[in-house]
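In the numbering used here, the protein residues as written are 32 to 304.
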């Protein structure tokens, strides 16, 4: 199924890239809108519809028609009608998507907690916040964002506010344990689980990095958090000391990982465009 979807994306991209610039920009907006609005719809059916649309338009473009001539002056209404008739995504798949977002947010918070304390522990309020923020993020990205794509005057400001809100939500997750202080509800484990967490996470990161290309982007930040957590643990055990271990190594590891992380994202974005 995933391979079929990727084949459709690749075939669509080949045609879109060969459209005239003004037609490409017009169709890109329709495609982005339909993909973002398809959270509750069958993704494969939407991708097939998009491929069919761009294939038909490519032939029309040869005859001299523009995207406006072919799709009309109200592409949003046309896209909404197509989405309305598209098959709905199964509840099971939608649930998996939601809890994948929850797991991702909670994992990030847990990594940061380990980096700050050197202990593997689970925090209950952090989990509740991850559940709530996952809902908000889904609404912002798949509900609110598509509605501003066809509003050029207000879209830039609203998109900026949406991005800012997403950043704030992520920061709440990242800093929640420190923000709630003594009110935090921790599930703590014996010390051996700290090392087990490091070993299992490291092996899983290596395996996923080999098998899933997209995951490689996140490997360096994960290893950085693990190493910072190990340093913190060694400091607590009084095995190391000094500014090198307390300040410079953690900052250096984090900065290097984040710089490389953003460079990889930039490179991936550049290759995709």
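Cβ coordinates follow ideal geometry from the N, Cα and C atoms, glycine included. Predicted model only: the values in this text are computed from it and were never measured.
A contact between stretches requires three or more CB pairs, one per stretch, nearer than 8 Å, and the stretch 259-267 meets this requirement with the stretch 144-162. DSSP places residue 152 within a strand segment (E or B) once states are collapsed to three. Fewer than three beta-carbon pairs drawn from the stretch 279-292 and the stretch 168-181 are found closer than 8 Å, and the two stretches are therefore not classed as touching. When rounded, the separation of the alpha-carbon atoms in residue 195 and residue 188 is 11 Å. For residue 89, the closest alpha carbon among the candidates 250, 44, 214 is that of 44.
Approximately 17 Å separates the beta-carbon atoms of residue 120 and residue 165; this is outside 8 Å, ruling out the contact.
Looking at the DSSP output, residue 217 sits in a beta bridge with 154.
Taking a contact as a CB-CB distance under 8 Å, the pair residue 77 and residue 117 counts as one, their CB atoms being some 6 Å apart.
In this chain, the alpha helix (DSSP H) harbouring residue 100 covers 98-102. Between residue 85 and residue 58, the C-beta spacing is below 8 Å.
Excluding sequence positions up to five before and after residue 92, its CB lies within less than 7 Å of the CB of 50, 51, 54, all in the same chain and listed in chain order. Counting other Cβ atoms within 10 Å of its Cβ, residue 191 stays below 16 and is therefore classed as exposed. In this structure, the CA atom of residue 124 is about 49 Å from the CA atom of residue 274.
Note on the stretch 38-126: whole alpha helix (DSSP H) runs with a minimum of 4 residues are 52-67, 74-93, 98-102, 106-116, in chain order. Annotation for residue 65: 77, 80, 81, 110, 113, 114 place their beta carbon closer than 8 Å to its own, counting only its chain and skipping 5 residues before and after.
In the three-state reduction of the DSSP assignment, residue 271 falls in the coil class. Approximately 22 Å separates the beta-carbon atoms of residue 122 and residue 137; this is outside 8 Å, ruling out the contact. A straight-line Cα-Cα distance of about 17 Å links residue 169 and residue 139.
Contact between the stretch 279-289 and the stretch 229-245 is absent: fewer than three C-beta pairs spanning the two stretches fall below 8 Å.
Residue 246: not part of any alpha helix (DSSP H); DSSP gives it neither H nor E. Under the three-state reduction of DSSP, residue 241 is assigned to helix. The beta carbons of residue 208 and residue 154 sit closer together than 8 Å. By the CB criterion at 8 Å, residue 266 and residue 277 fall inside the cutoff. A straight line joining the alpha-carbon of residue 41 with that of residue 83 spans about 13 Å. In the three-state scheme derived from DSSP, where H, G and I count as helix and E and B as strand, residue 179 is classed as coil. For residue 198, the closest of 224, 211, 213, 171 by C-alpha to C-alpha distance is 171.
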